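**Q** Once you've had a glance at the structure underneath, I'll fire off some questions.
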Amino acid sequence: QRRVAAWHTDSLEPNAPAMSGYDRAITVFSPDGHLFQVEYALEAVRKGTTTVGVRGKDCVILAVEKRATPKLQDPRTIRKILTVDNDIALAFAGLNADARVLVDKTRIECQSYRLNVEDNPTVDYVARFIARTQQKYTHRGGVRPFGISTLLGGFNTDGVPELYQTDPAGTYYAWKATAIGKNSKSVVDFLEKKYVEDLAEDAALRLALKGLLEVTEASGKNIEVVIIRKSGLHWMKEDELDPLLKELDDTADKITKLKETK
Numbered sequence: 093q094r095r096v097a098a099w100h101t102d103s104l105e106p107n108a109p110a111m112s113g114y115d116r117a118i119t120v121f122s123p124d125g126h127l128f129q130v131e132y133a134l135e136a137v138r139k140g141t142t143t144v145g146v147r148g149k150d151c152v153i154l155a156v157e158k159r160a161t162p163k164l165q166d167p168r169t170i171r172k173i174l175t176v177d178n179d180i181a182l183a184f185a186g187l188n189a190d191a192r193v194l195v196d197k198t199r200i201e202c203q204s205y206r207l208n209v210e211d212n213p214t215v216d217y218v219a220r221f222i223a224r225t226q227q228k229y230t231h232r233g234g235v236r237p238f239g240i241s242t243l244l245g246g247f248n249t250d251g252v253p254e255l256y257q258t259d260p261a262g263t264y265y266a267w268k269a270t271a272i273g274k275n276s277k278s279v280v281d282f283l284e285k286k287y288v289e290d291l292a293e294d295a296a297l298r299l300a301l302k303g304l305l306e307v308t309e310a311s312g313k314n315i316e317v318v319i320i321r322k323s324g325l326h327w328m329k330e331d332e333l334d335p336l337l338k339e340l341d342d343t344a345d346k347i348t349k350l351k352e353t354k
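Each residue of the sequence shown is one higher than the one before, counting from 93 in our numbering.
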């Protein structure tokens with residue numbers, strides 16, 4: 093009887109939300125065409141840490157806001173940017189545990205591809221695999237969607253840098269520059285105004301950091317950055333980031349201008 097009541101909430105309670113009952117099973121569409129569990133997974137992404145990706149002329153920059161770690165915790169165990177293959181890196185927003193499982197699956201697929209094809213997997217192949225895996229978890233009973241969106245940086249078969257985004261619904265897109273996670277809309281608006289074609293590595297790095305600084309504090313301790321080059325991945329250290337962040341941070345200038353206008 094309880095189950096029947098759950099499915100007919102609309103008829104029993106006129107003021108009940110229209111989604112009642114339809115968010116309990118991943119495989120059931122609501123009458124207006126929504127899969128509520130997928131939308132809830134997207135909401136988990138929106139609450140995740142801000143993640144920015146910028147494609148340059150010969151590189152891809154991934155920059156992530158890191159949350160403060162407890163004093164006694166080893167910060168090396170908290171990673172928001174992960175290596176998927178020799179020259180492919182993945183940054184994510186959402187649930188850390190889901191990211192770990194999805195990245196492990198992807199690493200195995202990359203090794204299997206190399207074994208069968210005797211070549212490195214391209215970033216678009218890896219993006220398609222991740223999107224396909226995420227989509228599988230939206231139409232089978234007994235599972236739930238992955239609560240993460242990812243940004244993937246790497247190179248295609250012609251050696252051209254590419255940036256891809258995947259989401260819990262299983263869709264994937266190629267971008268010139270984008271952001272996911274908390275306050276991502278503000279960062280995307282900033283990137284749309286400032287992005288230009290064929291950015292040099294230094295200009296792409298500065299754009300990614302300035303986008304992140306729109307919504308977070310300027311400190312090497314709470315920002316993680318990787319530069320993806322043809323030669324491999326370069327993880328920026330705190331002592332490399334700090335002087336650059338101090339140069340780019342114009343928060344003090346903004347506060348001064350606001351006081352002057354008042």
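A virtual CB, placed ideally from N, CA and C, is assigned to each residue, including glycine. Source: prediction; values computed, not measured.
T242 bridges to which residues according to DSSP?
**A** As a working note, residue 242 is residue 150 in the sequence shown. Bridge partners of T242: F184 and T258.
**Q** Tell me which same chain residues have a C-beta within less than 7 Å of the C-beta of T230, skipping the five on either side of it?
**A** Along the sequence shown, one-based indexing puts residue 230 at 138. Hits under 7 Å: I118, L127, V130, P237, A261 and G262.
**Q** Could you have a look at P335 and say whether DSSP puts it in helix, strand or coil?
**A** Here residue 335 refers to the residue found at position 243 when the sequence shown is read from its first residue. Here P335 sits in helix by DSSP.
**Q** For G246, does the count of other Cβ atoms within 10 angstroms reach 16, so buried, or fall short, so exposed?
**A** In the sequence shown, counting from the first residue as 1, residue 246 sits at position 154. With 16 or more Cβ atoms within 10 Å of its Cβ, G246 is classed as buried.
**Q** Out of curiosity, what's the CA-to-CA distance linking L244 and A296?
**A** Here residue 244 corresponds to residue number 152 of the sequence shown, with the count starting at 1. Here residue 296 corresponds to residue number 204 of the sequence shown, with the count starting at 1. About 16 Å.
**Q** Can you give me the Cβ contacts of S355 inside the same chain, cut-off strictly under 7 Å, excluding the 5 residues immediately before and after it?
**A** No answer is possible for residue 355: the residues shown for the chain start at 93 and end at 354.
**Q** Mind checking which residues open and close the beta strand (DSSP E) that includes R321?
**A** In the sequence shown, counting from the first residue as 1, residue 321 sits at position 229. Counting along the chain, the beta strand (DSSP E) containing R321 begins and ends at I315 to R321.
**Q** Go ahead and pull the three-state DSSP assignment for R116.
**A** As a first step, residue 116 must be located in the sequence shown, where it is residue number 24. Of the three classes helix, strand and coil, the one that applies to R116 here is coil, per DSSP.
**Q** From what residue to what residue does the beta strand (DSSP E) around D290 run?
**A** Taking the first residue of the sequence shown as 1, we reach residue 290 at position 198. Where D290 is concerned, there is no enclosing beta strand (DSSP E), given that its DSSP letter is neither H nor E.
**Q** Pull up the distance between the alpha-carbon of K302 and that of I200, whole angstroms please.
**A** For the purposes of this step, residue 302 is identified with residue 210 of the sequence shown, where counting begins at 1. For the purposes of this step, residue 200 is identified with residue 108 of the sequence shown, where counting begins at 1. Rounded to the nearest angstrom, the two C-alpha atoms are 35 Å apart.
**Q** To the nearest angstrom, how far is it from the Cα of I173 to the Cα of T249?
**A** As a position in the sequence shown, residue 173 is number 81, starting the count at 1. As a position in the sequence shown, residue 249 is number 157, starting the count at 1. Their backbone Cα atoms lie some 23 Å apart in a straight line.
**Q** Ignore the nearest five residues each way along the sequence and tell me which others in M328's own chain have a CB closer than 6 Å to its CB.
**A** Here residue 328 refers to the residue found at position 236 of the sequence shown. So the list reads V317, once near-sequence residues are dropped.
**Q** Would E135 be called buried (16 or more neighbouring beta carbons within 10 Å of its own) or exposed?
**A** The residue given as residue 135 occupies position 43 in the sequence shown. Flag for E135 reads exposed.
**Q** Alpha carbon to alpha carbon, how far is V156 from L304?
**A** Here the question's residue 156 lines up with position 64 in the sequence shown. Here the question's residue 304 lines up with position 212 in the sequence shown. So the two alpha carbons sit approximately 8 Å from each other.
**Q** CB-CB under 7 Å to C202, same chain, minus the five flanking residues each way: which ones, in chain order?
**A** For the purposes of this step, residue 202 is taken as the residue at position 110 of the sequence shown. So the qualifying residues of the chain are V176, D177, P213 and V218.
**Q** Short check: CB of F282 to CB of E309, under 8 Å?
**A** For this step, residue 282 is matched to residue 190 along the sequence shown. For this step, residue 309 is matched to residue 217 along the sequence shown. For F282 and E309, no; Cβs fall outside 8 Å.
**Q** Tell whether a beta-carbon distance below 8 Å holds between T258 and T270.
**A** Here residue 258 refers to the residue found at position 166 when the sequence shown is read from its first residue. Here residue 270 refers to the residue found at position 178 when the sequence shown is read from its first residue. No; because the gap between Cβ atoms is not below 8 Å, this pair is not in contact.
**Q** Between which two residues does the alpha helix (DSSP H) carrying V156 extend?
**A** Within the sequence shown, numbered from 1, the residue matching residue 156 stands at position 64. V156 -> not in any alpha helix (DSSP H); beta strand (DSSP E) instead, spanning V152 to E157.
**Q** Roughly how many angstroms separate the alpha carbons of A98 and R138, rounded to a whole number?
**A** Taking the first residue of the sequence shown as 1, we reach residue 98 at position 6. Taking the first residue of the sequence shown as 1, we reach residue 138 at position 46. Per-residue confidence for A98 stands at a pLDDT of 40, beneath the threshold of 50, marking its modelled position as unreliable; no derived number is given.
**Q** Is R236 helix, strand or coil when you go by DSSP?
**A** Sequence index remark: in the sequence shown, residue 236 carries index 144 (1-based). R236 falls in the coil class under three-state DSSP.
**Q** Just to confirm, is the Cβ distance from E254 to D216 under 8 Å?
**A** Counted from its first residue, the sequence shown places residue 254 at position 162. Counted from its first residue, the sequence shown places residue 216 at position 124. Yes, they are a contact pair.
**Q** What do you reckon, are the CB atoms on L340 and R298 nearer than 8 Å?
**A** To locate residue 340, count along the sequence shown from 1; it is residue 248. To locate residue 298, count along the sequence shown from 1; it is residue 206. Yes; because the gap between Cβ atoms is below 8 Å, this pair is in contact.
**Q** Tell me A269's beta-bridge partners as DSSP assigns them.
**A** In the sequence shown, counting from the first residue as 1, residue 269 sits at position 177. Beta-bridge pairing links A269 to V146.
**Q** Among W267, P335, D124 and D150, whose alpha-carbon lies nearest the alpha-carbon of G324?
**A** In the sequence shown, the residue the question calls residue 324 occupies position 232. Closest option to G324, Cα to Cα, is D150.
**Q** Using only the alpha-carbon positions, how far apart do V252 and P123 sit?
**A** In the sequence shown, residue 252 corresponds to position 160, counting from 1. In the sequence shown, residue 123 corresponds to position 31, counting from 1. Approximately 44 Å, taken between the alpha carbons.
**Q** CB-CB under 6 Å to H326, same chain, minus the five flanking residues each way: which ones, in chain order?
**A** Here residue 326 corresponds to residue number 234 of the sequence shown, with the count starting at 1. Once the five neighbours on either side are set aside, the close Cβ partners of H326 are I319.
**Q** Whole angstroms are fine: how far does the CA of I315 sit from the CA of A189?
**A** Position 97 of the sequence shown, counting from 1, holds the residue named residue 189. Position 223 of the sequence shown, counting from 1, holds the residue named residue 315. If you take the alpha carbons of A189 and I315, they lie about 20 Å apart.
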